[in-house]
Amino acid sequence: MIELRTFPGLFVGRRTVLQADEAPRDGEGSSFACGACGEELLRADRSFLADVVVKCRCGEFNQL
Numbered sequence: 034m035i036e037l038r039t040f041p042g043l044f045v046g047r048r049t050v051l052q053a054d055e056a057p058r059d060g061e062g063s064s065f066a067c068g069a070c071g072e073e074l075l076r077a078d079r080s081f082l083a084d085v086v087v088k089c090r091c092g093e094f095n096q097l
């Protein structure tokens, strides 16, 4: 788990976020899954993602 700094308007107080699980794919970038439930969150090229936080359907926040 990663402690994320407070962002006004996004979170109230501090939020603990999970690190998303990354699975490399052949020539298509990477596939990211929720660190809590394992549901696939996103398929994208890793170079476009820097400090991105995504909320899963289970309610957990994942940092890609």
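For my numbering, add 33 to where a residue sits in the sequence shown, where the first one is 1. Built from N, CA and C at the ideal position, the CB exists for glycine as well. All values derive from a computational prediction rather than experimental measurement.
Worksheet item: Secondary structure at R90, three-state DSSP: helix, strand or coil?
Response: coil
Worksheet item: Hey, out of T49, Q52, P57 and L51, whose CA is closest to D78's CA?
Response: P57
Discussion item. What would DSSP say about R58, mapped onto helix, strand or coil?
Written reply: coil
Worksheet item: If you count every other CB in all the chains shown that lies within 10 Å of the CB of F65, and 16 or more means buried, which is it?
Response: buried
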